[in-house]
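Enquirer:
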Amino acid sequence: MLLGGSLLPASASAEPGGGLSGAGDGETLLASRNIAMPFPGVEAAGLHDTFLDGRPGRRHEAIDIAAARGTKVFAVDDGTLAKLFTSIPGGLTVYQFDPQRQLAYYYAHLDRYAAGLREGMPLHRCDLLGYVGTSGNAPPQAPHLHFAVFRLASPPQWWQGTPVNPYAALKSATAAASSGSSAAKTRACR
Ligand SMILES: [Zn+2]
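Throughout the sequence shown, residue numbering follows the numbering used here, covering 1010 to 1199 in sequence.
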């Protein structure tokens, strides 16, 4: 599929490498990562599955999480910082690869980056990436994090991948973070 105008610069139109099965495979991989919420204080009721929503000329293929401007945005997983990219729709964005370079996490509309971020640096879960804002095409009165995940091709390229719906993974993180269990610490950054 083509994602013209998408926040992602491009999307793989075919299954890369022949042995991958696209989004289904990506969702299984994502579930196995047990990602953290990118910021605390999100109630389950505050999460909405907007993955398939229409946007002008495309599908959204991401989850928007509303938060006050300046809310800290944390890495949802370990991995590496693949790219710091400024785009017209996404504004200030971060692309993170997971440790196996199978998934990319994409954080958009940031108000500003955390100090000291540089491409190629290792990231750990809950490292500070930046702050919620409205850069790019986000409405100025509605700051939010646009969070997307995509299944990387092989070799991995930050601009290429198959969109994966992160809604279930975020929902799971929210539930775990508010459960008070020992797992909560690893699913809630603060
Ligand atoms: Zn969005």
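Every residue, glycine too, gets a C-beta built ideally from N, C-alpha and C.
In this text the structure is predicted, and so the values were computed from the model without any measurement.
What residue range is occupied by the uninterrupted beta strand (DSSP E) comprising R1121?
Expert: The residue given as residue 1121 occupies position 112 in the sequence shown. That run of the beta strand (DSSP E) goes L1112 to Y1122.
Enquirer: Is it right to say I1097 is buried, meaning 16 or more other beta carbons lie within 10 angstroms of its own, or is it exposed?
Expert: Within the sequence shown, residue 1097 is the residue found at index 88, counting from 1. Per the 10 Å Cβ criterion, exposed.
Enquirer: When every heavy atom of ligand 1 is checked, does at least one fall within less than 7 angstroms of the C-beta of H1069?
Expert: For the purposes of this step, residue 1069 is identified with residue 60 of the sequence shown, where counting begins at 1. Flag set: Cβ of H1069 near ligand 1.
Enquirer: Between D999 and L1132, how many whole angstroms is the CB-CB distance? I'm expecting something under 8 angstroms.
Expert: For residue 999 there is no data in the structure shown, the boundaries of the chain being 1010 and 1199.
Enquirer: Pick helix, strand or coil for D1034, following the three-state DSSP scheme.
Expert: Working through the sequence shown from its first residue, we reach residue 1034 at position 25. Three-state DSSP puts D1034 in a helix.
Enquirer: Kindly give me the distance between the Cβ atoms of Q1111 and A1084, rounded to whole angstroms, as I take these residues to be in contact under 8 angstroms.
Expert: In the sequence shown, the residue the question calls residue 1111 occupies position 102. In the sequence shown, the residue the question calls residue 1084 occupies position 75. Not quite, the Cβ-Cβ distance comes to about 16 angstroms (not below 8 angstroms), so this is no contact.
Enquirer: Runs of 4 residues minimum, wholly inside the segment 1042-1072: which ones carry the alpha helix (DSSP H) assignment?
Expert: none
Enquirer: Is the beta carbon of V1158 sitting closer than 8 angstroms to the one on Y1116?
Expert: Within the sequence shown, the letter at position 149 stands for residue 1158. Within the sequence shown, the letter at position 107 stands for residue 1116. Result no, Cβ atoms of V1158 and Y1116 do not sit closer than 8 angstroms.
Enquirer: Out of G1079, F1094 and N1146, state which residue places its alpha-carbon closest to the alpha-carbon of L1126.
Expert: As a first step, residue 1126 must be located in the sequence shown, where it is residue number 117. Selected option, being the one with the closest Cα: F1094.
Enquirer: Under 8 angstroms by Cβ, that's how I've got L1101 and Y1122 pegged, so tell me the actual separation to the nearest angstrom.
Expert: Start at 1 with the first residue of the sequence shown, and residue 1101 comes out as number 92. Start at 1 with the first residue of the sequence shown, and residue 1122 comes out as number 113. With 8 angstroms as the limit, L1101 and Y1122 qualify as a contact, their Cβ atoms being about 6 angstroms apart.
Enquirer: How would you label D1001, buried or exposed, when you count the other beta carbons within 10 angstroms and need 16 or more for buried?
Expert: Any question about residue 1001 goes unanswered here, given that the chain covers just 1010 to 1199.
Enquirer: Could you give the residue range of the beta strand (DSSP E) that holds L1137?
Expert: If you number the sequence shown from 1, residue 1137 lands on position 128. Here the beta strand (DSSP E) through L1137 covers L1137 to V1141.
Enquirer: Among residues of its own chain, excluding the 5 on either side of K1092, which ones have a beta-carbon nearer than 7 angstroms to its beta-carbon?
Expert: Here residue 1092 refers to the residue found at position 83 when the sequence shown is read from its first residue. Hits under 7 angstroms: Y1104, E1128 and W1167.
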